[in-house]
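Remarks on the structure that follows.
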Ligand code: GLU
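Numbering (our numbering), first residue to last: 5 to 334.
Encoded structure:
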């Protein structure tokens with residue numbers, strides 16, 4: 005097992021977290037909870053908060069999505085420092101990272117389809133994630149250069165556990181080689197993958213603390229691998245928050261259209277009601293009440309966050325019909 009990367013030392017960097025929404029549609033209440041808690045943890049300790057629009061997925065990003073997110077955050081009272089970064093504005097930092105990886109011979113071009121990869125693994129009709137095995141790495145040395153920027157590239161992922169030290173959920177170990185194998189870092193759209201972009205951006209935005217939903221817990225291990233390969237010193241501290249579920253036990257997502265922030269605003273619901281619901285979900289207040297975002301940093305201290313994780317491991321948070329009625333004041 006690889007020992008965890010040391011934390012980035014804040015000597016030269018103020019503690020900084022980031023809000024990193026994807027403009028794939030309206031923010032929903034589950035997103036708001038993660039964004040609010042991340043923001044509140046940071047503001048409660050006078051850290052910086054930067055905003056990054058993760059808009060590289062052209063198919064899923066919506067026109068005007070970044071503006072809509074900024075407007076919803078401002079309406080909620082969630083603030084950020086300095087100009088927001090839009091990933092699609094400039095691909096040069098990601099290309100530079102790819103060139104570095106190619107120089108270290110850590111990446112290779114491969115246009116094998118998911119089906120071909122599954123077939124090679126002897127499970128053409130399998131479900132679940134596709135694991136790219138070392139046996140499919142190309143033999144031709146020219147595949148290890150970063151020439152064709154319109155092709156798929158993968159990172160060589162060595163076997164072995166990678167330990168992730170989480171401020172909220174303790175240490176966990178993941179083995180990216182068995183979860184994804186050689187992972188995609190550059191796509192045939194001529195754009196970096198999420199994993200590469202996030203690592204490059206957390207570094208260039210001087211992020212010392214990543215606070216986000218725990219659907220990305222195993223990604224932290226992949227991101228640590230990439231950080232090692234890119235020669236970055238240390239790792240941000242990780243804070244993975246439990247997710248919110250709907251009444252059918254599915255993760256709250258856009259499919260709960262009426263739980264979207266724009267729709268709630270249009271229905272005349274106040275930001276204080278939204279914040280109050282989300283704060284009650286997180287156990288920061290005993291029950292739902294109207295609350296301005298500015299009151300949350302004082303509530304979201306370390307013990308409160310640990311209580312949240314503890315409680316949710318026993319009883320994950322759900323968006324109920326009573327919550328909906330309370331929001332709408334009916
Ligand atoms: N953009 C991702 C999302 O909206 C978050 C990525 C991250 O925090 O690393 O789910």
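Just so you know, even glycine gets a beta-carbon here, dropped at the ideal spot from N, CA and C.
Apply the 10 Å Cβ neighbour rule to residue i and answer buried if 16 or more other Cβ atoms are within range, or exposed otherwise.
i, result
"residue 229", "buried"
"residue 42", "buried"
"residue 67", "exposed"
"residue 244", "buried"
"residue 217", "buried"
"residue 212", "buried"
"residue 237", "exposed"
So, residue i versus residue j, is the Cβ gap smaller than 8 Å?
i, j, result
"residue 57", "residue 82", "no"
"residue 233", "residue 105", "yes"
"residue 21", "residue 214", "yes"
"residue 249", "residue 322", "yes"
"residue 222", "residue 11", "no"
"residue 88", "residue 55", "yes"
"residue 279", "residue 296", "yes"
"residue 199", "residue 231", "no"
In whole angstroms, what separates the C-alpha of residue i from that of residue j?
i, j, result
"residue 281", "residue 158", "42 Å"
"residue 241", "residue 114", "33 Å"
"residue 288", "residue 220", "23 Å"
"residue 304", "residue 136", "41 Å"
"residue 134", "residue 182", "10 Å"
"residue 267", "residue 123", "45 Å"
"residue 99", "residue 156", "13 Å"
"residue 80", "residue 45", "16 Å"
"residue 184", "residue 308", "34 Å"
"residue 190", "residue 36", "29 Å"
"residue 65", "residue 76", "16 Å"
"residue 70", "residue 62", "13 Å"
"residue 188", "residue 201", "11 Å"
Verify the CB distance criterion: does residue i have a CB-CB separation below 8 Å to chain B?
i, result
"residue 128", "Annotation note: the requested chain B is absent from the structure, which comprises a single protein chain."
May I ask whether a heavy atom of the ligand NAP can be found less than 7 Å away from the beta carbon of residue i?
i, result
"residue 263", "For the ligand NAP, the structure offers nothing, since it holds only the ligand GLU."
Any residue whose CB is nearer than 6 Å to a heavy atom belonging to the ligand GLU, listed in chain order | Working through the chain, the matches are 24, 25, 26, 58, 202, 216, 220.
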